[in-house]
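For the sequence shown, our numbering assigns the number 780 to the initial residue and increments by one for each residue that follows.
The C-beta atom is built at its ideal place from N, Cα and C for all residues, glycine as well.
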Amino acid sequence: MVAKISSNSSLFGTINYNKLKVEDDKAKVLFSRNIFEKRDGSFSMSLCQKSFEPYLAVNKRTENPIFHVSLNPDPKDRLDDEQLSEIAEKYMEAMGYSNQPFIVFKHTDIERTHLHVVSCRVDETGKKLDSNFENIRSMKICRNLEQEYNLKIAEKKEQTNEIPTGKVNYQRGDVKHQVFNAVKALMNNYHFQSFGEFRTLLEQMNVTVEEVRGTASNGQRYDGIVYSATDDKGKRLGIPFKSSLFGKEVGYEALQKKFEKSNQAVKEKKIREQLIPIIRAVMKTAGSKERLELLLKEKNIQPIFRQNEQRRIYGVTFIDHNSRTVINGSRLGKEFAANQFQELFNNPMARTDYKETEQIQSQGKGNDLNPLDYLAKPIESVGSAVESVVGGLFGLLPTEKDNQEEYPRYPKIPKKIRRRYGRQL
């Protein structure tokens, strides 16, 4: 059994995620502890939130007070609702949440029947519950429960984050959940430093995003986010979804914090410095947009070109799936700006090394990399790709000799000596 713990600041978003599953008959409330219910025992969103209010109201310093864990038995483990309830209850007690309000949802939206448990990280006095070595304690509890209930022992490869199984497909229905899962997965796993870079990443999953700004009736300005599903050509489909429907974790303020953290990560990991020589080397061999896409694809780097109706390139963004980073060409430098690629693709014969591209055999077509193919893989540094570029097919980085030939050093012109004319005797 695998347990995946997360924290956030939005009680509504977390409960609402599970509530939507219940409404679509893809989940049900298994049981709850210290949660108000209707007289008939049915689930009530408002009563559930009120159950948490006394705890959240006295919260002192905990930034993300909502505890959310998914418990995932192996599909081969045949467990009835009573056994699942016992497992969830024993898990929460062992984690120190026996006196907390919590609610357990049974999800059947994927092949693996699993549980989602929502609780609160602060007690009735506002003090945060102990979270030291939380994941280690959780793993030990899972091992004990596996022995007690004779469950299949989880392998390491199973202990990965749940990710969407494909692009958003409007025809398949359940669009809200598809969009939310895509947004959350990419936001949690990729670096991006601007709204435009985030939008470019989402578009690979048939999702787009827009900023909404305005002034409320009381004169107060507001900033919001709206997500929409699209088709493969980027055309919006159906109604848009306000970020508040999904919770604060994918809202405007969360995005601003994400931009700052991504900016810091890109600097610390020197991702920009590692990408530049790789892309520069590929540009020396690429005489067309298609060829450049193909060569970069071999390095798990996806260039996204934005073109107008006249097919003129006015923007370029690179998605490095090795380090999971989205970065605009302008951030890399002037030589990677849109106009440079426009000139490269329109006048490839002007480059002396263009004929070398004819020796490269195509091993694939198109620019069909997908973030989903990389979310389950460990993050790698793009630095390892540099050696491959230099030593392999793309080993065309200019050497010191090349630089001397391309930029010859001309002899210095001696300064003109001014003659001083004095009084001649």
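- Under the criterion of beta carbons closer than 8 Å, Val848 and Ala782 qualify as touching, at roughly 6 Å.
- Between Ala1008 and Val962 the beta-carbon gap is near 11 Å, outside 8 Å, which marks them as no contact.
- Taking 9 Å as the cut-off, the Cβ atoms of Thr1096 and Arg1103 do not count as close.
- Under the three-state reduction of DSSP output, Glu990 falls in the strand class.
- Asn1087 has its alpha-carbon roughly 7 Å from the corresponding atom of Tyr1093.
- Distance from the CA atom of Val1005 to the CA atom of Val1105, rounded to whole angstroms, is 20 Å.
- For Asp853, there is no enclosing alpha helix (DSSP H), as DSSP marks it with neither H nor E.
- By the neighbour-count criterion, in which 16 or more other beta carbons inside 10 Å mark a residue as buried, Asn1101 falls on the buried side.
- Contact annotation, Leu850 with Leu894: C-beta distance approximately 4 Å; criterion of less than 8 Å satisfied.
- The C-beta distance from Lys1027 to Ser789 rounds to 4 Å, short enough to meet the 8 Å contact threshold.
- One alpha carbon belongs to Arg818, the other to Lys1046, and they sit about 56 Å apart.
- In the structure shown, the three-state DSSP call for Gln1081 is strand.
- Cβ-Cβ distances below 6 Å link Asn1042 to Gln972 in the same chain, with the five nearest sequence neighbours on each side left out; the list follows chain order.
- Beta-carbon to beta-carbon, Cys899 and Phe846 are separated by about 6 Å, close enough to satisfy the 8 Å threshold.
- Comparing C-alpha distances from Leu799 to each of Phe1025, Met780, Pro844, Val986 shows the shortest one belongs to Phe1025.
- For the 9 Å CB-CB criterion, Asp856 and Lys805 do not form a contact.
- Contact annotation: His956 and Ala1044 have beta-carbon atoms that are not nearer than 9 Å.
- Annotated as distal: Met780 and Ile915, with beta-carbon spacing of 9 Å or more.
- For the set Lys919, Asn985, Glu976, Phe977, the Cα lying nearest the Cα of Gly945 is the one of Asn985.
- Spatial neighbours of Asp1010 in its own chain (CB-CB distance under 8 Å, excluding positions within 5 residues in sequence) are listed in chain order as Tyr949, Asn985, Leu1016.
- Between Asp888 and Tyr834, the C-beta gap is not smaller than 9 Å, which leaves the two residues out of contact.
- When secondary structure is reduced to three states using DSSP, Asp860 falls in the helix class.
- Using a 10 angstroms sphere on the CB of Leu826, the tally of other CB atoms stays under 16, which defines it as exposed.
- Between Phe810 and Glu868, the C-beta spacing is below 9 Å.
- Taking 4 residues as the shortest admissible run, the region 891-940 contains the following complete alpha helix (DSSP H) segments, listed from N- to C-terminal end: 913-927.
- Here Ile920 is not near Met966, since their CB atoms are 9 Å or more apart.
- Non-local beta-carbon contacts of Ile814 in its own chain, meaning distances under 7 Å to residues more than five positions away in sequence, involve Cys827, Ser830, Pro880, Ile882 in chain order.
- DSSP links Leu1016 through a beta bridge to Ala1008.
- By the Cβ neighbour-count rule, Pro1150 is buried, with 16 or more other Cβ atoms within 10 Å of its own.
- Following the DSSP letters along the chain, one finds Ser1109 inside the alpha helix (DSSP H) bounded by residues 1108-1111.
- About 18 Å separates the beta carbon of Ile1058 from that of Leu980, a gap too long to meet the 8 Å contact definition.
- Contact between the region 982-1000 and the region 1051-1066 is absent: fewer than three C-beta pairs spanning the two stretches fall below 8 Å.
- In this structure, the straight-line span from the alpha carbon of Asp859 to that of Ser1109 is close to 56 Å.
- Distance from the Cα of Leu908 is smallest, within the candidate group Thr994, Gly1030, Thr841, for Thr841.
- Gln1089 is classed as exposed because its beta carbon has fewer than 16 other beta carbons within 10 Å across all chains shown.
- Around the Cβ of Thr994, a 10 Å sphere holds fewer than 16 other Cβ atoms; the residue is exposed.
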